[in-house]
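Asker:
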Amino acid sequence: MAESGSTNPKSPSVVPDSTLGGLKRDLRNYHDGDDSNNLSIKKSKTTKMENNCREIVPLDVTPLSIVPPDTPKLSRQFWKAGDDDEAAPVPLYCSNDAAVRVHPQFLHANATSHKWALGALAELLDNSLDEVSNGATYVHVDSTINKRDGKSSILIVEDNGGGMNPSTFRECLSLGYSRKRNMANRVGQYGNGFKTSTMRLGADAIVFSRSRGINGNNPTQSIGMLSYTFLYETRKCEAIVPTVDYELVDNKWKEIVYNSTNEWLDNLETILRWSPYLSQQDLLDQFNHLEEQGTRIVIYNLWEDDEGKMELDFDTDPHDIQLRGVNRDEKNIDMAKTYPNSRHFLTYRHSLRTYASILYLKRPDNFRIILRGEDVEHHSVLDDMMKIEEKTYKPMRSPEWPDQEEMVASLKLGFVKDAHHHIDIQGFNVYHKNRLIKPFWRVWNAAGSDGRGVIGILEANFIQPAHNKQGFERTVVLAKLESRLVTHQKNYWSSRCHEIGYAPRRKQKNYESSVTETPRPFNNINVVKGSSSSTPVPVRVFRPNVEPSGRNQIPQVETRERSFDINPEIGAKNRSYYGLGISSFKETGSVNLEAELQKVKQESAKLVSELQRQKQLLELQLQESKAKIQNLEKAQREKEVLELQLKESKARIQNLENRQEGVSNIFQQERARRDVTEDGLRKKLREASDVIDGLRKQVDTFKGKRIL
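Throughout, the numbering used here is defined as the position within the sequence shown, counted from one, plus 263.
#1: Taking the alpha carbon of Asn-397 as the point to measure from, which residue in Ala-374, Phe-369, Leu-384 and Gly-476 has its own alpha carbon closest?
#2: Using the three-state DSSP reduction, which class does Leu-392 fall into: helix, strand or coil?
#3: What's the C-alpha gap between Leu-676 and Gln-689?
#4: Spatial neighbours of Pro-603 within its chain, please: CB distance less than 7 Å, with the 5 preceding and 5 following residues excluded, ordered by chain position.
#5: Ala-399 and Asn-423: beta carbons closer than 7 Å?
#6: In terms of alpha-carbon separation, which member of Lys-947, Leu-744 and Leu-881 lies closest to Met-659?
#7: With a 10 Å radius around its C-beta and 16 neighbouring C-beta atoms as the bar for buried, classify Arg-969 as buried or exposed.
#8: So Ala-766 and Gly-716 are in contact, right, with Cβ under 8 Å, and what is the actual spacing, rounded?
#9: Does the beta-carbon of Thr-461 have 16 or more other beta-carbons within 10 angstroms, so that it is buried, or is it exposed?
#10: Which runs of the beta strand (DSSP E), 3 residues or longer, sit entirely within the region 694 to 741?
#11: Quick check on the DSSP output: the beta strand (DSSP E) that includes Trp-516 runs from which residue to which?
#12: Measure the alpha-carbon distance for Arg-536 versus Ser-542 and round it to whole angstroms.
#13: I need the DSSP call for Ala-672, collapsed to helix, strand or coil.
#14: If we call anything under 7 Å between Cβ atoms a contact, is Phe-630 one with Val-395?
#15: If I measure Cβ to Cβ from Val-520 and keep anything under 6 Å in the same chain, skipping five residues before and after, which residues do I get?
#16: Check for me: the beta strand (DSSP E) holding Met-648 runs from which residue to which?
#17: Starting from the C-beta of Tyr-755, find all residues in its chain whose C-beta is less than 7 Å away, skip the five residues before and the five after it, and write them out in chain order.
#18: Given that a residue counts as buried once 16 or more other Cβ atoms are within 10 Å of its Cβ, and exposed if not, what is Thr-310?
#19: Taking Cβ to Cβ, would you say Ser-490 is nearer than 7 Å to Asp-467?
#20: Is the CB-CB distance between Trp-704 and Phe-725 below 7 Å?
#21: Using alpha carbons as the reference points, say which of Gln-727, Leu-881, Ile-469 and Thr-497 lies closest to Met-488.
#22: Around the Cβ of Phe-493, are there at least 16 other Cβ atoms within 10 angstroms (buried) or fewer (exposed)?
#23: Is there contact between the region 412 to 431 and the region 637 to 652, where contact requires at least three CB pairs shorter than 8 Å?
#24: Mapping the DSSP letters down to three states, classify Phe-369 as helix, strand or coil.
#25: Please classify Leu-907 as buried or exposed, where buried requires at least 16 other C-beta atoms within 10 Å of its C-beta.
#26: Mapping the DSSP letters down to three states, classify Val-404 as helix, strand or coil.
#27: Would you check if the distance between the CB atom of Ser-757 and the CB atom of Val-679 is smaller than 7 Å?
#28: Quick check on Phe-678: does DSSP put it in helix, strand or coil?
#29: At what residues does the alpha helix (DSSP H) containing Asn-564 begin and finish?
#30: Around the Cβ of Gly-711, are there at least 16 other Cβ atoms within 10 angstroms (buried) or fewer (exposed)?
#31: Would DSSP call Asn-692 helix, strand or coil?
#32: Where Thr-459 and Ile-560 are concerned, what is the direct C-alpha to C-alpha distance, given to the nearest angstrom?
#33: When the Cβ atoms of the region 583 to 597 are set against those of the region 499 to 515, are three or more pairs found closer than 8 Å?
#34: Is the beta carbon of Ala-723 sitting closer than 7 Å to the one on Ala-672?
#35: Hey, Asp-646 and Arg-900 are a contact pair by Cβ (cut 8 Å); roughly how many whole angstroms apart?
#36: Excluding the 5 residues preceding and the 5 following Pro-429 in the sequence, name in chain order all residues of the same chain whose CB lies nearer than 7 Å to its CB.
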């Protein structure tokens, strides 16, 4: 959010915080000639009017105390925080000029795009993952206690990416500014992620960012506070973000002053008054977590639900952040314990650890997501699937799409491994540029149990995601994809539901071909009265012609004509023309036709049996091939897991070796120190022995003298 209007959030008459110590401030002292700061009781006195010289005697009264107006308090419930009291007074400077401003309530209105709190948290993880190109190796999400009140929780999101210099820091806090719009493999495009996410999780956020310094510039560190509470309760009519910057000069951090020192101090004072930190040193101590570079986001005054409890649950699981309320279903939590292969479907709505494990299709090898001290293990939904089939979806290219855009989506669908329990689990995980946009998207809402157990995964980079990254823009391309997914799910379910215990939904196609015969009409037989004729009568026979390589090919029909002769003998004159022809056809042609048809039937039966045998062999080979492919995929996944474990083991071994070396060094130092100490003690012991011997000699001498 841009720092529009005045960048000095402090009113001139506000007394500075005592924590600033020796910082000099400009105070406006209004002296009315009275030593007392309170309104005193005025004494009765007589005043004469110059014009008419009449005496006016004032009454002896005690004036009422002046009570300042109540400061409006911000609601701790997110969906009520945008409500404003219309009767509350508006500052005069908000209505007496023609300036156009971004009102603070826009921060809240902009954050309402996130209906789901974990979706807001995921956007902060996206920003950290984008920093992999700048050296980020981890993002750590944690919670701690607010030092100012000692009881409320605050949320911390920290990464060791490249950080931000003062210029990019202000761009981050500006509304709608984004450098990622034309960058490859970046989901964020609108420049709204940080503002909408932080304001959805809590009323206030403070950001610490440290940059190494590039192109010969000195390292810098910046602090900025995006506080809806500050803007609301001080009745600001424009969004103001107080920021302070430091620069490393001669190994010392020095303030960067842009306009005036007073303005810099005002910003610092505002941050200290409205943040969880009590002094400037507390603020600077936060950079100790970042080492040389990185960004640390602290979100406080977290939103509460209707019952007055925090929306984020930090107590149920010490290594997870969960949601309370409608997103939490105790029945699903119990089912997840019984059906572990369905755990991600049943718990991702309320558990950040579950959601973060499937948030990215592939995670960089050297990047870790740490949640409250424990790593979040990456999980692929493919590991929860069985009887996997792979489909390819290639939509028709639209004129507005760039030529280099990848227009192919590979879909993998199958049954969840717990599908034989007939639990209602289905949907597709749709990713865009490696980021999960639609988790377990349910596209087929069939009546009854149809579709249960079918899950899938695909990456669709040709569809534009919504700015909150929790859905896609409703376009024709999305509608076509949804229709195709429904078709694939229906076909998969209908053809394989019997494999997990459901009744078959349709009969298998029977490709056995039947023999069909169509004799030529009788009127094509030319019979000439008084003469003999030999006319061929064709018989059309249909035979199936099936290629053995096609499993579901429709058999092609081959037509062949055969002929036989009809030689009717013309007898007596009293035989009529039609009677002669029909009688001769019955005597000779029908016998040959029946024999020919019987022969064709036998050949067709042999051909059908052969085709059935080949079909069974092909199906068996196909099943074996699928089993081999699944075994290879499983072996590949196991190989990747083992490689990852090997890398982790090597890192641990290296860490242990480093620790062992450190312990050895310490041991050697301690032993050297002990040797020095022992030598000193031995020396002192020898000196003490010498002293004792001397004293003994003196005692013996004294005894000898006494005896004498």
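By construction, the Cβ of each residue, glycine as well, lies at the ideal position given by its N, Cα and C atoms.
Answerer: Quick answer:
#1: Stepping through the sequence shown from its first residue, residue 397 is reached at position 134. Ranking Ala-374, Phe-369, Leu-384 and Gly-476 by Cα distance to Asn-397 puts Gly-476 first.
#2: The residue you call residue 392 lines up with position 129 of the sequence shown. Residue state, collapsed to three classes: helix.
#3: Along the sequence shown, one-based indexing puts residue 676 at 413. Along the sequence shown, one-based indexing puts residue 689 at 426. Rounded to the nearest angstrom, the two C-alpha atoms are 10 Å apart.
#4: The residue given as residue 603 occupies position 340 in the sequence shown. Excluding positions up to five away in sequence, the list is empty.
#5: In the sequence shown, the residue the question calls residue 399 occupies position 136. In the sequence shown, the residue the question calls residue 423 occupies position 160. Yes, they are a contact pair.
#6: Within the sequence shown, numbered from 1, the residue matching residue 659 stands at position 396. Minimum Cα distance to Met-659 is reached at Leu-744.
#7: Taking the first residue of the sequence shown as 1, we reach residue 969 at position 706. When all chains shown are included, Arg-969 counts as exposed.
#8: If you number the sequence shown from 1, residue 766 lands on position 503. If you number the sequence shown from 1, residue 716 lands on position 453. Actually they are not in contact, since the Cβ atoms of Ala-766 and Gly-716 sit about 14 Å apart, beyond 8 Å.
#9: For the purposes of this step, residue 461 is identified with residue 198 of the sequence shown, where counting begins at 1. Burial call: buried.
#10: 698 to 704 and 717 to 722
#11: Working through the sequence shown from its first residue, we reach residue 516 at position 253. 515 to 518 is the extent of the beta strand (DSSP E) around Trp-516.
#12: If you number the sequence shown from 1, residue 536 lands on position 273. If you number the sequence shown from 1, residue 542 lands on position 279. When rounded, the distance between both Cα atoms is 9 Å.
#13: For the purposes of this step, residue 672 is identified with residue 409 of the sequence shown, where counting begins at 1. Residue state, collapsed to three classes: strand.
#14: The residue you call residue 630 lines up with position 367 of the sequence shown. The residue you call residue 395 lines up with position 132 of the sequence shown. Yes, the Cβ-Cβ distance between Phe-630 and Val-395 is below 7 Å.
#15: Looking up residue 520 in the sequence shown gives position 257. If we look at Val-520 and ignore the five residues flanking it on each side, its Cβ neighbours are Trp-527.
#16: Locating residue 648 in the sequence shown gives position 385, where the first residue counts as 1. Per DSSP, Met-648 belongs to the beta strand (DSSP E) from 648 to 656.
#17: Numbered from its first residue, the sequence shown carries residue 755 at position 492. Closer than 7 Å at Cβ, skipping near neighbours: Glu-652, Leu-676 and Val-717.
#18: In the sequence shown, residue 310 corresponds to position 47, counting from 1. Its pLDDT being 40, under 50, Thr-310 is placed unreliably in this model, and the value from its coordinates should be taken loosely. Exposed.
#19: Start at 1 with the first residue of the sequence shown, and residue 490 comes out as number 227. Start at 1 with the first residue of the sequence shown, and residue 467 comes out as number 204. Between Ser-490 and Asp-467, the C-beta spacing is below 7 Å.
#20: Locating residue 704 in the sequence shown gives position 441, counting from the first residue. Locating residue 725 in the sequence shown gives position 462, counting from the first residue. Contact flag unset, no.
#21: One-based indexing of the sequence shown puts residue 488 at position 225. That would be Ile-469, whose Cα lies nearest to the Cα of Met-488.
#22: On the sequence shown, residue 493 is found 230 positions in, with the first residue counted as 1. Label assigned to Phe-493: buried.
#23: no
#24: Here residue 369 refers to the residue found at position 106 of the sequence shown. For Phe-369, the secondary structure class from DSSP, reduced to helix, strand or coil, is helix.
#25: Locating residue 907 in the sequence shown gives position 644, where the first residue counts as 1. Residue environment for Leu-907: exposed (fewer than 16 other C-beta atoms within 10 angstroms of its C-beta).
#26: As a first step, residue 404 must be located in the sequence shown, where it is residue number 141. Val-404 falls in the strand class under three-state DSSP.
#27: Along the sequence shown, one-based indexing puts residue 757 at 494. Along the sequence shown, one-based indexing puts residue 679 at 416. It is not a contact, given that the beta carbons lie outside the stated cut-off.
#28: In the sequence shown, counting from the first residue as 1, residue 678 sits at position 415. Three-state result, Phe-678: strand.
#29: The sequence position of residue 564 within the sequence shown is 301, counting from 1. Careful: Asn-564 lies outside any alpha helix (DSSP H), inside the beta strand (DSSP E) at 557 to 565.
#30: The residue you call residue 711 lines up with position 448 of the sequence shown. Gly-711 comes out exposed.
#31: Here residue 692 corresponds to residue number 429 of the sequence shown, with the count starting at 1. Of the three classes helix, strand and coil, the one that applies to Asn-692 here is strand, per DSSP.
#32: Mapped onto the sequence shown, residue 459 falls at position 196. Mapped onto the sequence shown, residue 560 falls at position 297. Between Thr-459 and Ile-560, the C-alpha separation is close to 14 Å.
#33: no
#34: Here residue 723 is taken as the residue at index 460 of the sequence shown, counted from 1. Here residue 672 is taken as the residue at index 409 of the sequence shown, counted from 1. Yes, these two residues count as a Cβ contact at 7 Å.
#35: Here the question's residue 646 lines up with position 383 in the sequence shown. Here the question's residue 900 lines up with position 637 in the sequence shown. The Cβ separation is near 7 Å, so the contact holds.
#36: To locate residue 429, count along the sequence shown from 1; it is residue 166. Thr-483, Ser-485, Asp-508 and Ile-519, listed in sequence order.
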